[in-house]
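Numbering (the working numbering), first residue to last: 67 to 326.
By construction, the Cβ of each residue, glycine as well, lies at the ideal position given by its N, Cα and C atoms.
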């Protein structure tokens, strides 16, 4: 079974395809995975590997570790484009997510004021008041919407709650008043004998309607880049991504960034 990617709370810096030089913040366990989705393509593996034994990140320990890392990077004259909340699961499920975001912003301001604070979220907690307050403070509020079609969304993302559906996520994202970036993973393949494809005309039309309702400042389209737990998924060709992106831009007027 594919296992977690990150074995520490602060990791990197690494080069992100979409964001540049990124220092990662993993709020989930260092030896397990906790997530409200169980996506077929998740680079950190399936939730079945378990939550591990280390527990979620402790606020004071995280703050100490991040300060030491940023201080060392600053003194060494290193470059930093972003500090990114990512890791072994969904960061917004952390009970002190809002407070930790506040700490990270303060440390960023002290050592790398030009770096962006970024959150990669699956949007399942996007309607929670404390999460809304936190996400409105970050520079890059990147929220996932892989499909606006209920069956496809549940097939690809496999939410752990039966109540999570595209309509609810879209309503939550509308509340951000455009202060968000919507990220969509384009994927094709097969899972348990069922075709997986969110690149069809019907799927793209449904996404366009969702984007028009949400009115994000930007849309990010990307496809798989590393090994996935479902081995029958395939990378969507760059030409297809560009064609889909051009159509979405034409229909919505919203800038679309493509990463293959």
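#1: Short check: CB of residue 289 to CB of residue 326, under 7 Å?
#2: Can you give me the start and stop residues for the beta strand (DSSP E) that residue 88 sits inside?
#3: Going by beta-carbon coordinates alone, are residue 95 and residue 120 separated by less than 7 Å?
#4: If you draw a straight line from the C-alpha of residue 211 to the C-alpha of residue 139, how long is it?
#5: Specify the secondary structure class of residue 151 as computed by DSSP and reduced to three states.
#6: Please tell me whether residue 154 and residue 110 are closer than 7 Å, where the distance is taken between their beta carbons.
#7: For residue 48, is the classification buried or exposed, using 16 other Cβ atoms within 10 angstroms of its Cβ as the cut-off for buried?
#8: Secondary structure at residue 234, three-state DSSP: helix, strand or coil?
#9: Would you decide whether residue 268 is buried or exposed? Buried here means 16 or more other CB atoms lie within 10 Å of its CB.
#10: Note the first and the last residue of the continuous beta strand (DSSP E) segment covering residue 245.
#11: On a Cα-Cα basis, can you pick out the residue from 214, 178, 102, 77 that is closest to residue 92?
From the atom records:
#1: yes
#2: 86-92
#3: yes
#4: 34 Å
#5: strand
#6: yes
#7: Only positions 67 to 326 of the chain appear in this structure, which leaves residue 48 out of reach.
#8: helix
#9: exposed
#10: Note, residue 245: premise wrong, no beta strand (DSSP E); not H, not E.
#11: 77
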